[in-house]
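Below is one structure; the comments refer to it alone.
In the working numbering, the protein residues as written are 16 to 605.
Structure follows, in structure tokens:
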């Protein structure tokens, strides 16, 4: 049946409404591209090239090590715990080649946080960056025996630097010469000191270079489209992260969708800087690249001037990001020195793009910023703006084969034009459910018109043209520069501080990050007057990932509670917003 919803009138004419992805595993995408483009750069990292042949060989060696040395079998979970680097990609695809399931974990997590992933996923092995060895060793030693990973494979990022540096970028000799005059090659995409250093291996761990040199041959690849491929974790109101079960098929669908929506070709060069442990970076910066046989220029860490130089040097044509990166780039006083004219596609999600910034992109560079929307449960996009008819601060329209609606959260009746309700989604990219958590799975799916719809817990509306907009959230969540922070998880960690009697974490408005993490804390009587907000902030940075740690702490004598004794977090958040608005008004009138 043809799509008669309003947005169908604005569907890109060059694209089909539905996709028919290959009935193969994700591993096959790399294998085919390596056959077609053996000596082509798959990734450029710190001005070193990793070819498709290199990547394939390393991934197969990792698969062999996992099977022969770690005892990994079909369906086993393997934690992937490292920064963006070529080894991340080789490890990810090596895990898939071994018929196992990738469990990507944010490398900012500390040992206390990592314990939950070990206990919940119960991985056979962990593949990690060298700087994280002590974190993994501590977490692994402190969990129960049945949750311990029996094998650790440690990669050092600087190993990539053994390859000779590129003499000429991919953007043609003229573009490369212009960029090289401005930024010496050795200054491009440099590794931070902590990542460039070699770190002691945890006891019993295997060095990446040793595993690759051994080149153990894995057994036959047997995983198919319906096998589990990856389990990104998301949190929620309980405070405990939950694994989102994705198959090769759910990931394959959005891999093709991302490639086609952005006019992807094998000649495309993309800037890959979003973290690959997160679903957007995973799809746009890795899977779509390898499916197309194109090239990704990978930044170890975000740096605006390096990013601009890399775009010019390598003729980068596409860049998926979060809006704060674009704001930062355009604020660079050195921006006029760089040539970013090769960019033809730019967009992202996670945080709304400010109108003034989008207008500057359009006026100065002829670039339309394309916003989209997705979640870990949908392995990135369910909605994207049409490239030729985008709207700002807008989720866009439902992507290939996706049925998205706005419904009454209680009755599930579909809402009318511009009426607010919960966004629900049915589509081929929607996950199977939460790992080992059937109750949470049942709670997040509803049946409408005989189809299962995923409840996003985001409140939104649909305009008369069928474009979706977010208006609020049903669940407590903080969106700090695109990083999702779940207050209950931070509160659970804060309660480990010996001076904290009660804590409530809220979203506080931030002019740059959009929102930032604020904790309202009641101290135990014995510690009052002795522990400061700065003490708590410093302690939090040692106990949790930096993006979760409160940047603001307010000491209170008590927390407001409802008649049933529940902390009224929304009142605290509204009071904080009102104070900030009042302060801003006072400054404006002075």
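Quick reminder that beta carbons are idealized off the backbone N, C-alpha and C, glycines included.
Range of the contiguous beta strand (DSSP E) that encloses residue i
i	result
residue 334	333-336
residue 410	First-last for residue 410: undefined, no H or E at that position.
residue 525	515-525
residue 167	166-170
residue 95	92-96
residue 389	384-390
residue 313	310-313
residue 69	It is not in any beta strand (DSSP E) - residue 69 instead sits in the alpha helix (DSSP H) that spans 67-83.
residue 437	436-441
residue 473	466-477
residue 51	Unbroken run through residue 51 is the alpha helix (DSSP H), 42-51; no beta strand (DSSP E).
residue 324	No beta strand (DSSP E) contains residue 324, which is instead part of the alpha helix (DSSP H) from 319-329.
Integer Cβ distance of residue i from residue j, believed to fall under 8 Å
i	j	result
residue 76	residue 226	6 Å
residue 298	residue 270	6 Å
residue 609	residue 358	Only positions 16 to 605 of the chain appear in the structure, and residue 609 is not among them; the question remains open.
residue 574	residue 504	The pair is not a contact, with the Cβ atoms about 18 Å apart (cut-off 8 Å).
residue 42	residue 107	In fact, because the Cβ distance is near 10 Å, the residues do not count as touching under 8 Å.
residue 120	residue 96	5 Å
residue 375	residue 345	6 Å
residue 555	residue 564	4 Å
residue 166	residue 84	6 Å
residue 494	residue 599	At roughly 20 Å, the Cβ-Cβ gap does not stay under 8 Å, so residue 494 and residue 599 are not in contact.
residue 14	residue 379	The question about residue 14 has no answer, for the chain in this structure spans 16 to 605.
residue 70	residue 101	7 Å
Cβ-based neighbour list, residue i, same chain, cut-off 7 Å, excluding 5 preceding and 5 following
i	result
residue 164	94, 133, 138, 139, 140, 141, 155
residue 448	260, 456
residue 480	21, 22, 25
residue 186	At residue 186 the pLDDT is 45, less than 50, meaning the model places this residue with poor confidence; the figure from the coordinates comes in the next sentence. So the list reads 327, 328, 329, 330, 357, once near-sequence residues are dropped.
residue 440	393, 397, 417, 419, 468, 469, 471
residue 577	583
residue 428	422
residue 371	none
residue 177	none
Test item: CB-CB of residue i and residue j under 7 Å
i	j	result
residue 523	residue 590	no
residue 243	residue 116	yes
residue 528	residue 496	yes
residue 321	residue 180	no
residue 53	residue 72	no
residue 38	residue 217	no
residue 266	residue 222	no
residue 148	residue 98	no
residue 105	residue 74	yes
residue 87	residue 113	yes
residue 123	residue 561	yes
residue 595	residue 125	no
residue 437	residue 424	yes
residue 268	residue 444	yes
residue 520	residue 474	no
residue 343	residue 319	yes
residue 48	residue 305	yes
residue 546	residue 514	yes
residue 118	residue 246	yes
residue 491	residue 502	yes
Range of the contiguous alpha helix (DSSP H) that encloses residue i
i	result
residue 132	126-136
residue 573	Taken as a continuous stretch (DSSP letters only), residue 573 belongs to no alpha helix (DSSP H), as it is neither H nor E.
residue 150	148-157
residue 379	370-380
residue 455	453-459
residue 104	101-112
residue 287	No alpha helix (DSSP H) holds residue 287; the beta strand (DSSP E) holding it covers 284-287.
residue 163	No alpha helix (DSSP H) holds residue 163; DSSP gives it neither H nor E.
residue 494	Taken as a continuous stretch (DSSP letters only), residue 494 belongs to no alpha helix (DSSP H), being part of the beta strand (DSSP E) at 493-495.
Neighbourhood of residue i by C-beta distance below 6 Å, restricted to the same chain and skipping five residues each side
i	result
residue 373	384, 407
residue 284	185, 310, 329, 330, 331, 332
residue 281	307, 308, 309
residue 195	Confidence in residue 195 is poor, its pLDDT being 42 and thus under 50, which makes the residue's placement too unreliable to answer from.
residue 248	256, 258
residue 197	At residue 197 the pLDDT is 43, less than 50, meaning the model places this residue with poor confidence; the figure from the coordinates comes in the next sentence. Contacts found: 352.
residue 569	535
residue 287	300, 311, 313
Beta-carbon contacts of residue i that lie in its chain and below 8 Å, excluding the five residues immediately before and after
i	result
residue 129	96, 120, 150, 151, 154
residue 433	476, 477, 478, 479
residue 390	249, 294, 397, 471
Given 8 Å, three or more beta-carbon pairs between the stretch 269-283 and the stretch 296-312: yes
Touch test, the stretch 534-552 against the stretch 460-475, Cβ-Cβ under 8 Å, three pairs minimum: By the C-beta criterion, the stretch 534-552 is judged not to be in contact with the stretch 460-475, since fewer than 3 inter-stretch pairs fall below 8 Å.
Inter-stretch contact at 8 Å, needing at least 3 Cβ pairs: the stretch 230-244 / the stretch 361-369: no
Validate contact between the stretch 399-416 and the stretch 28-46 using beta carbons, cut 8 Å, 3 pairs: At 8 Å Cβ cutoff, the stretches touch.
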